[in-house]
Amino acid sequence: MVENFAILPCNGLDKCAGVISRELAVKLCENAKNEIICPVFYRVSELKYNRIAGEHPLLVIDGCQTRCASKLAAEKNLKITRKLTVTEEAKTHKIQLKRDLKIQENENALIEIILNELNKTEDKITQTSIETNHSFHFEYETFQYGKFIFRVPKNPQIYFNENDCWAFIIGNRARLGVTDFVQQNLSDILYFTPPDIGAEIEQFGEVGDIESSKSVFELISPVSGKVVTINKELVQKPEMINENPYEKGWMAEIELTDFESDKELLIGFEKYFEIMKRKVEDLNG
Amino acid sequence: MDKKVKVIPCSGIGKVYGLIAREAALKTVFDLLPEKSETMCLAYIVTGDKEAKEKIEGFDCITVDGCPKMCASKNVSLAGGNVIEEVKVLDTVKEHKGKKFGSPTQLDADGELVMDEIAAKIAKKINELN
Numbered sequence: 016m017v018e019n020f021a022i023l024p025c026n027g028l029d030k031c032a033g034v035i036s037r038e039l040a041v042k043l044c045e046n047a048k049n050e051i052i053c054p055v056f057y058r059v060s061e062l063k064y065n066r067i068a069g070e071h072p073l074l075v076i077d078g079c080q081t082r083c084a085s086k087l088a089a090e091k092n093l094k095i096t097r098k099l100t101v102t103e104e105a106k107t108h109k110i111q112l113k114r115d116l117k118i119q120e121n122e123n124a125l126i127e128i129i130l131n132e133l134n135k136t137e138d139k140i141t142q143t144s145i146e147t148n149h150s151f152h153f154e155y156e157t158f159q160y161g162k163f164i165f166r167v168p169k170n171p172q173i174y175f176n177e178n179d180c181w182a183f184i185i186g187n188r189a190r191l192g193v194t195d196f197v198q199q200n201l202s203d204i205l206y207f208t209p210p211d212i213g214a215e216i217e218q219f220g221e222v223g224d225i226e227s228s229k230s231v232f233e234l235i236s237p238v239s240g241k242v243v244t245i246n247k248e249l250v251q252k253p254e255m256i257n258e259n260p261y262e263k264g265w266m267a268e269i270e271l272t273d274f275e276s277d278k279e280l281l282i283g284f285e286k287y288f289e290i291m292k293r294k295v296e297d298l299n300g
Numbered sequence: 063m064d065k066k067v068k069v070i071p072c073s074g075i076g077k078v079y080g081l082i083a084r085e086a087a088l089k090t091v092f093d094l095l096p097e098k099s100e101t102m103c104l105a106y107i108v109t110g111d112k113e114a115k116e117k118i119e120g121f122d123c124i125t126v127d128g129c130p131k132m133c134a135s136k137n138v139s140l141a142g143g144n145v146i147e148e149v150k151v152l153d154t155v156k157e158h159k160g161k162k163f164g165s166p167t168q169l170d171a172d173g174e175l176v177m178d179e180i181a182a183k184i185a186k187k188i189n190e191l192n
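Protein chains in written order, with my numbering: chain A, 16 to 300; chain B, 63 to 192.
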């Protein structure tokens with residue numbers, strides 16, 4: 016089946032075939048671990064999608080013969096593992112597509128056929144993800160400013176950087192997230208973009224981002240290592256970061272490569288608590 | 063000369079707010095004001111294709127963006143479109159705090175409600191122009 020692919024659809028809106036390309040991409044991501052590349056945003060955020068395309072086999076789905084997705088892949092020098100064009104598939108399977116942009120009976124039938132064909136293949140790539148469902152509970156120190164309450168966990172195994180991100184060290188792994196200071200400032204968090212599983216992260220490298228209607232915040236990893244798992248629930252429910260950024264709202268886990276060295280540039284609860292208080296006061300002063 | 067206003071949603075794939083943007087644009091051009099508006103494919107516009115550029119350059123456009131990245135507004139402007147209104151899905155979403163709008167593939171009842179509101183706002187803007 017198509018799993019662990021990067022999927023680049025044309026995502027078209029001019030013709031029904033483009034709408035089908037989008038529907039195929041979304042369905043492939045709903046039912047398996049695949050990543051969508053947005054053909055418009057790719058031109059803005061090259062770094063993010065270059066990484067996704069570089070780390071996964073690539074499936075390109077063009078709607079029509081304009082082949083916008085294929086052209087984009089060529090422009091970006093991407094290696095295409097598999098490619099299909101919706102209009103050609105419709106012809107092969109003798110399905111007449113309507114001019115309407117709404118997906119109806121014929122279009123749904125074609126989508127099912129294409130999905131079945133794609134899922135018959137065995138292109139599954141081995142994942143290095145290790146699922147974890149451990150939940151942790153911490154004791155907190157709090158700081159109140161007006162109606163806002165900022166919490167910082169007192170656990171000595173939790174380290175912070177001055178970018179307001181934390182790492183909870185569990186054996187040779189670290190669980191990562193953002194602090195209350197970040198979630199309070201962002202307000203309602205609408206999106207969580209996780210890092211790629213298997214990605215090698217330098218200390219202070221970007222390891223996912225979160226976004227509210229106010230701004231985007233990149234999680235700056237306090238530690239170096241390889242991403243081994245992400246909090247998948249957070250993708251659907253990013254508001255869990257607002258509820259508790261240290262427990263339910265953790266973002267990723269990293270297999271540590273050199274924690275002893277990383278530790279030298281990190282701070283513990285007491286120092287971070289003071290820094291955070293200053294930041295809150297400066298921000299509101 | 064084609065006087066129809068172009069209503070162009072972001073490509074917004076994989077997120078419910080992108081789906082709201084897209085559906086609101088489609089509702090406007092197909093159901094509410096088909097005689098006064100039409101849509102264009104943003105993924106095609108950003109290819110820089112000559113034909114795509116000719117279709118948009120100098121034309122009045124209303125962009126509908128699902129997130130603060132504002133892909134539709136930025137790219138339509140870059141392609142030479144005359145952006146007369148930037149519609150931000152999140153502005154309407156904020157008025158419905160706490161509600162769930164559906165998934166990236168399917169809008170729930172509240173998602174449909176927000177989509178209808180946005181489509182109505184776009185249609186109002188187009189009617190004001192005429």
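Using N, Cα and C, we set each Cβ at its ideal position, and we do this for glycine too.
Inter-residue spacing [alpha-carbon to alpha-carbon] between residue i and residue j
| i | j | result |
| --- | --- | --- |
| Ile-129 (chain A) | His-71 (chain A) | 20 Å |
| Gly-173 (chain B) | Asp-153 (chain B) | 14 Å |
| Leu-94 (chain B) | Val-138 (chain B) | 22 Å |
| Val-193 (chain A) | Ser-276 (chain A) | 21 Å |
| Glu-230 (chain A) | Tyr-79 (chain B) | Residue 230 (chain A) is actually Ser in this sequence, not Glu. So the two alpha carbons sit approximately 16 Å from each other. |
| Ile-164 (chain B) | Asp-273 (chain A) | Note on residue identity: the sequence assigns Gly, not Ile, to residue 164 (chain B). Those two C-alpha atoms are separated by around 42 Å. |
| Lys-77 (chain B) | Val-145 (chain B) | 24 Å |
| Ile-256 (chain A) | Trp-265 (chain A) | 7 Å |
| Leu-191 (chain B) | Glu-97 (chain B) | 14 Å |
| Cys-25 (chain A) | Arg-114 (chain A) | 17 Å |
| Ala-302 (chain A) | Tyr-155 (chain A) | The structure shown does not extend to residue 302 (chain A), since chain A is modelled only from 16 to 300, so the question has no answer here. |
| Tyr-174 (chain A) | Leu-39 (chain A) | 42 Å |
| Ser-67 (chain A) | Ile-124 (chain B) | One point to set straight first is that residue 67 (chain A) is Ile, not Ser, in the sequence displayed. Rounded to the nearest angstrom, the two C-alpha atoms are 31 Å apart. |
| Phe-219 (chain A) | Leu-234 (chain A) | 9 Å |
| Lys-117 (chain B) | Glu-258 (chain A) | 47 Å |
| Thr-157 (chain A) | Asp-195 (chain A) | 10 Å |
| Glu-148 (chain B) | Ile-188 (chain B) | 13 Å |
| Cys-53 (chain A) | Ala-84 (chain A) | 10 Å |
| Lys-161 (chain B) | Leu-169 (chain B) | 12 Å |
| Lys-66 (chain B) | Ser-99 (chain B) | 5 Å |
| Val-155 (chain B) | Val-176 (chain B) | 7 Å |
| Asn-92 (chain A) | Tyr-57 (chain A) | 13 Å |
| Leu-74 (chain A) | Lys-42 (chain A) | 13 Å |
| Ile-307 (chain A) | Leu-191 (chain A) | It is not possible to answer for residue 307 (chain A), since the shown part of chain A is limited to 16 through 300. |
| Pro-166 (chain A) | Ser-202 (chain A) | Inspection of the sequence shows that residue 166 (chain A) is occupied by Arg rather than by Pro. Between Arg-166 (chain A) and Ser-202 (chain A), the C-alpha separation is close to 15 Å. |
Min CB distance residue i to chain B below 9 Å
| i | result |
| --- | --- |
| Pro-171 (chain A) | no |
| Ile-51 (chain A) | yes |
| Leu-116 (chain A) | yes |
| Ala-40 (chain A) | yes |
| Ala-124 (chain A) | no |
| Arg-205 (chain A) | Here residue 205 (chain A) is Leu; the residue named in the question, Arg, does not match the sequence. Yes, its Cβ sits closer than 9 Å to a Cβ of chain B. |
| Ala-105 (chain A) | no |
| Gly-223 (chain A) | no |
| Val-101 (chain A) | no |
| Ser-230 (chain A) | yes |
| Asn-257 (chain A) | no |
| Asn-26 (chain A) | yes |
| Cys-31 (chain A) | no |
CB contact check: residue i to chain A, cutoff 9 Å
| i | result |
| --- | --- |
| Cys-72 (chain B) | yes |
| Val-176 (chain B) | no |
| Asn-137 (chain B) | yes |
| Met-63 (chain B) | Low confidence applies here, because Met-63 (chain B) scores a pLDDT of 44, under 50, leaving its location unreliable; read the following figure in that light. Taking Cβ atoms only, chain A never reaches closer than 9 Å to Met-63 (chain B), which makes this a no. |
| Gly-164 (chain B) | no |
| Leu-88 (chain B) | yes |
| Leu-169 (chain B) | no |
Residue i - DSSP class collapsed to helix/strand/coil
| i | result |
| --- | --- |
| Asn-299 (chain A) | helix |
| Cys-118 (chain A) | Just to set this straight, residue 118 (chain A) is Ile in the shown sequence, not Cys. Of the three classes helix, strand and coil, the one that applies to Ile-118 (chain A) here is coil, per DSSP. |
| Phe-274 (chain A) | helix |
| Leu-191 (chain A) | strand |
| Cys-180 (chain A) | strand |
| Asp-172 (chain B) | helix |
| Thr-69 (chain A) | Reading off the sequence, residue 69 (chain A) comes out as Gly, not Thr. DSSP places Gly-69 (chain A) in helix when its eight states are reduced to three. |
| Tyr-261 (chain A) | coil |
| Ala-47 (chain A) | coil |
| Asp-77 (chain A) | strand |
| Asn-144 (chain B) | strand |
| Gly-80 (chain B) | helix |
| Leu-191 (chain B) | helix |
Those residues which DSSP pairs with residue i across a bridge
| i | result |
| --- | --- |
| Ser-99 (chain B) | B:Val-67 |
| Gln-159 (chain A) | A:Ile-164 |
Residue i at chain E interface by Cβ criterion, 9 Å
| i | result |
| --- | --- |
| Leu-87 (chain A) | The displayed structure is made up of protein chains A and B, and chain E is not among them. |
Practice item. Name, going along the chain, the residues of the segment 121–134 of chain B whose beta-carbon falls closer than 9 Å to a beta-carbon of chain A. Key: Shown in chain order are the members of the segment 121–134 of chain B whose Cβ falls below 9 Å from a Cβ of chain A: Cys-129, Pro-130, Lys-131, Cys-133 and Ala-134.
Check your understanding: Taking Cβ-Cβ distances below 8 Å as the criterion, which residues of the segment 97–122 of chain B are in contact with chain A?
Key -> The residues in question are Thr-101, Met-102, Cys-103, Leu-104, Ala-105, Tyr-106, Val-108, Thr-109 and Asp-111.
Check your understanding: Got a sec: which bits of the segment 45–72 of chain A sit with their beta carbon under 7 Å from any beta carbon on chain B, in order along the chain?
Key -> Going along the segment 45–72 of chain A in chain order, one finds Glu-45, Ile-51, Cys-53, Pro-54, Val-55, Phe-56, Arg-58 and Val-59 with a Cβ nearer than 7 Å to chain B.
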